[in-house]
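Going by this note's numbering, the sequence shown wraps up at 443, each residue one higher than the last.
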Amino acid sequence: MAAEGSVRTDAADVVVVGAGPGGSAAAHWLARAGADVVVLERARFPRDKSCGDGITAHSVAILHDMGVRFEDFDGKGARTWGGIIGAPSGGKFQADPPPHSDGARVECWVVPRMSFDERLARAAVSAGAKLREESAFTGMARSNGGWRVGYADGSGARAIDCKLVIGADGAHSGVAKSLGVRESAAGHLGFALRGYYDGVQGLTDNLEIWYYDRATLPGYGWIFPTGGGMANIGIGIYTGELRRSKKTMRELLDEFIEQTPAIAQRCRDARAVGRATGWPLPVSSAQRQTVFDGALLVGDAASLVDPLSGEGIWTALVSGRSAARAAASGDGSRAVLRSHEREWRAEAGGYLSSGRLLKNLAKSARLLDLIVHRAAQNPYYASRAIGYGLGTIDRRRALRSIVLKAIFQPSFFSVRRRDAAQLAAGR
C-alpha cells in the first residue's frame with residue numbers, strides 16, 4: 017500500500033461497490049475466475065435491507081451454483097412451494113407451479129435480508145474476494161487508464177486504484193452518479209414498505225400476493241412467511257398511483273392489513289416486530305445504461321427491478337454474474353464489456369419486458385378478477401399462473417396465451433351471469 021498525501025491508496029483488479037446480492041454475486045464469480053477483487057460495503061454485517069425477502073426459484077438455482085443452501089441460514093427463513101393470488105373482488109386461488117422436468121417440486125425461499133446478504137457476502141469472501149465493511153464510497157476518477165475509487169472508513173479517507181468498477185450500490189447508486197447516470201424518472205419508479213409481524217393466522221408454505229385495492233393497481237400487498245410464526249407483510253405501488261391516492265405508504269400498509277377482508281381477520285392479533293421500512297423500486301422500463309468504459313452497473317443500480325412484481329434479487333444475481341464474466345477478461349473497453357449487457361438481456365430481458373406489458377394489464381381490476389376466477393376453477397391455469405410469477409415458466413408464454421385467447425377464444429374473457437355473481441361474492 018502506498019501513501020499519496022493524506023489518502024492511503026492500494027490496488028486491485030476490480031472494485032465492487034455494494035455487498036448486496038448483485039455485488040456479492042459479481043465478487044464471487046470474479047474471485048472464482050482468479051481476479052483480485054475488493055468489495056466496499058458501507059455498513060457492517062449483519063445489516064438490514066428493506067425487502068420483501070422473497071427468493072424465487074430462478075434465484076435459488078443461481079445461489080446453489082454459488083454454494084449457498086437454505087440450511088446455511090440456520091432456520092432464519094422459510095421454504096415455500098407455491099403461491100396464493102388474490103383479486104380485487106376478494107376471490108383467490110392457490111397452486112403449486114408445474115414441477116421441474118425431473119418431477120421435483122419447485123422450491124422458493126423467504127429469508128430476511130439481515131441473514132441473506134451476509135451469507136452471500138461470505139460466499140464471495142470464501143471464493144477469494146476481499147470484503148471491506150464500514151467503507152463508504154466517496155467518488156471515482158480516471159487514473160492511469162483505470163479508476164481511482166475513493167472511500168472512507170474508520171481510519172479516514174482511502175482509495176483503491178483498479179482497472180474496473182462494478183456499481184452494485186442500489187437505487188441511489190453513487191457509482192451511477194459518478195458515471196453521469198441520472199436516477200429513474202417518476203414514471204419508472206415505485207415504492208415498497210414492509211414490516212415483520214408475529215401472530216399472523218393461517219400462514220402456510222405459500223407466497224401470498226393480494227391485488228387488494230382497485231385504486232392502487234398494479235400495486236399489491238404481500239404476506240410472506242419467514243418461519244417461526246412470523247411474516248413479512250408489505251405493499252408495493254407505483255409513484256403515479258401513490259400520488260393519486262393522496263395517502264402515505266404507512267396509511268396504505270395499514271389499510272391492507274386492517275381493512276382487506278381476507279387479511280384483516282388473520283391479522284387481528286398480529287403484533288409488529290420492529291418498525292416498517294420502505295425503499296424505492298427503480299424498474300427496468302427506465303432502460304438505464306449499464307456498460308461504460310471501465311465500469312458496469314448491476315441490480316438496482318442498473319434499474320433492473322421487475323416492473324410486474326417488484327422483484328430485484330434475481331436480476332441482481334443475473335447481472336452480477338454477467339458483469340463478472342465480462343470483467344474477468346481484464347479488458348476495460350466498453351466494446352468488450354458490452355458482453356455484460358448482452359448476457360443479462362439474453363437471460364432476463366424477455367422476463368423484464370413481458371413484465372412491463374403484464375404490469376399494464378394488471379391495471380385492469382376486471383381482468384385480474386377474471387383471471388383469478390378462471391384459475392380458481394381450473395388447476396392447469398392456476399399452476400401455470402404461479403409458475404409465471406415464480407420465474408419457472410417463461411412469462412412471455414402468458415402474454416401469447418392471452419393474445420391467442422383474445423383472438424380464437426374470446427368467450428374466455430366473457431363473464432356469464434353465474435360467473436358474475438361468484439366474482440361479486442369474491443369466490
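Glycine included, each C-beta is placed from N, C-alpha and C at the ideal position.
- With respect to the 9 Å criterion, T72 and I409 are not classified as neighbours on the basis of their beta carbons.
- A buried status is given to I78, since no fewer than 16 other beta-carbon atoms sit within 10 Å of its beta-carbon.
- Just so you know, the alpha carbons of L415 and G162 end up roughly 44 Å apart.
- Taking all protein chains in view, the Cβ of K262 is surrounded by fewer than 16 other Cβ atoms within 10 Å, so the residue is classified as exposed.
- Listed in chain order, the beta strand (DSSP E) runs fully inside the region 35–63 are 53–56, counting runs of at least 3 residues.
- Here I409 carries a coil assignment [DSSP, helix/strand/coil].
- In the DSSP assignment, K146 falls within the beta strand (DSSP E) that extends over 146–148.
- By the beta-carbon neighbour count (other beta carbons within 10 angstroms, threshold 16), S430 is exposed.
- Following the DSSP letters along the chain, one finds S159 in no alpha helix (DSSP H) but inside the beta strand (DSSP E) bounded by residues 152–159.
- Contact fails between the region 196–206 and the region 47–63, because fewer than three Cβ pairs, one in each stretch, are under 8 Å apart.
- Beta-bridge annotation (DSSP): C124 is paired with T96.
- With contacts defined as CB atoms closer than 9 Å, A152 and D169 qualify as a contacting pair.
- Residue burial is scored here from C-beta neighbours: F424 has fewer than 16 other C-beta atoms within 10 angstroms and is therefore classed as exposed.
- About 6 Å separates the Cβ atoms of A343 and L46, confirming a contact at the 8 Å cut-off.
- In the pairwise beta carbon analysis, the region 81–91 is classified as not touching the region 371–380: fewer than three pairs are separated by under 8 Å.
- Shown here, D177 sits in a strand according to DSSP, grouped into three states.
- Looking only at G34, C67, D26, the smallest Cα-Cα distance to V321 is reached by C67.
- Runs of the beta strand (DSSP E) spanning 3 or more residues and lying entirely within the region 229–253 occur at 236–243, in chain order.
- A Cβ-Cβ contact shorter than 9 Å links L180 with A311.
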